[in-house]
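S.K.:
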Amino acid sequence: MTHSEKVSWLIQQLIKENPGYHAVGEPVDERGKRRLLRSLMNVRWPKEADEEVLKIQDELLQEELQEKGIIYIEEIPVIAKLYPCSSVKNGDRISLWQGDITRLAADAIVNAANSQLLGCFVPCHGCIDNAIHSAAGIQLRNECARLMEEQGHDEPTGKAKITLGYNLPAKHVIHTVGPIVGVKVTKQQEEELKSCYLSCLRTAEKNHLDSIAFCCISTGEFHFPNKLAAQIAVETVDKYLSGSGMKRVIFNVFKDEDLHIYQKLFR
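Under the UniProt record's numbering, the first residue of the sequence shown is numbered 1, with each subsequent residue one higher.
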């Protein structure tokens, strides 16, 4: 099958799963088809899928990953080389990288999840939760659902769970639920955000992982102020690394605003 044929075939298979989707028409243009497929994956409730569906989906996502390009952490310079006067003590093990976190070939990438830990169900939403689940494939939601069923309750703020990465170049995804800020950040929310970073680092080490890439937890949809979030992230990670054998921590940013904030902190 060509890329286009795989997209069309998967659309039809996901439509067959739900009788309510039978009236959904397949777009004519390739971009529209791919967007529809992502939407169907986003709204799909966790359940097992036919082996052929998983096979074709995996082939498609791996092709798209190769097209986007994989970023290996060895290619990303540490801040000790870029900002030699930085006050960060462990600059030889910390990096800053701007781009799509689903391209990073780290031992683990961090997902800013919601308390249900099932991913974002809003079709093609711009959050990192949606991006990670869309690139990993439907297996990721299924594994998250199994973890949550075993747990029996929503994931507490500041804790973390680990899953496989499936079609991501990262071997694992560490899911953490950050605090949701209202009018003003409270001291408790600052501690909860700190706990997110510590829980992810401890989870990574417990699973014998050497590298982890953090997104900007709780910023964006959860409204934690970007500058304060970055300060907490850097201080918490740097302090943790002083007593840890973790080989590399990457602060992944997507927006220019966050890039400039981290650059100022490291300078």
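Ideal placement from N, C-alpha and C gives every residue a C-beta, glycine not left out. Quantities reported herein were computed from a predicted structural model and do not represent experimental measurements.
Spatial neighbours of Asp92 within its chain, please: C-beta separation below 6 Å, excluding the five flanking residues on both sides.
M.R.: So the list reads Val78, Ala80, once near-sequence residues are dropped.
S.K.: Using beta-carbon positions only, say whether Lys33 and Asp107 come within less than 8 Å of one another.
M.R.: The answer is no: Cβ separation not under 8 Å.
S.K.: Quick check on Trp45: buried or exposed, where buried means 16 or more other Cβ atoms within 10 Å of its Cβ?
M.R.: Flag for Trp45 reads exposed.
S.K.: Since Phe224 contacts Leu198 with CB under 8 Å, what's their CB separation in whole angstroms?
M.R.: Rounded, the Cβ-Cβ distance is 16 Å, inconsistent with contact.
S.K.: Around the C-beta of Ala136, are 16 or more other C-beta atoms found within 10 angstroms, so that it is buried, or is it exposed?
M.R.: Its Cβ being crowded by 16 or more others within 10 Å, Ala136 is buried.
S.K.: Where do the N-terminal and C-terminal ends of the beta strand (DSSP E) with Trp97 fall, by residue?
M.R.: Segment 94–98, the beta strand (DSSP E) holding Trp97.
S.K.: Need the endpoints of the alpha helix (DSSP H) that Ser195 sits in, please.
M.R.: Looking at the DSSP string, the run of the alpha helix (DSSP H) that includes Ser195 is 187–206.
S.K.: Pull up the DSSP beta-bridge partners for residue 268, would you.
M.R.: Absent from the model: residue 268. The displayed extent of the chain is 1 to 267, so no value can be given.
S.K.: What separation, rounded to the nearest whole angstrom, lies between the Cα atoms of Ser86 and Leu241?
M.R.: C-alpha separation (whole angstroms): 16 Å.
S.K.: Could you check if Ser195 is buried or exposed, using at least 16 other CB atoms within 10 Å of its CB as the buried criterion?
M.R.: Burial call: buried.
S.K.: Does the pairing of the segment 145–160 with the segment 49–58 give three or more beta-carbon distances under 8 Å?
M.R.: In short, these stretches do not touch, since the Cβ pair count stays below three.
S.K.: Under a three-way DSSP split, which group does Ala230 fall into?
M.R.: Helix at Ala230.
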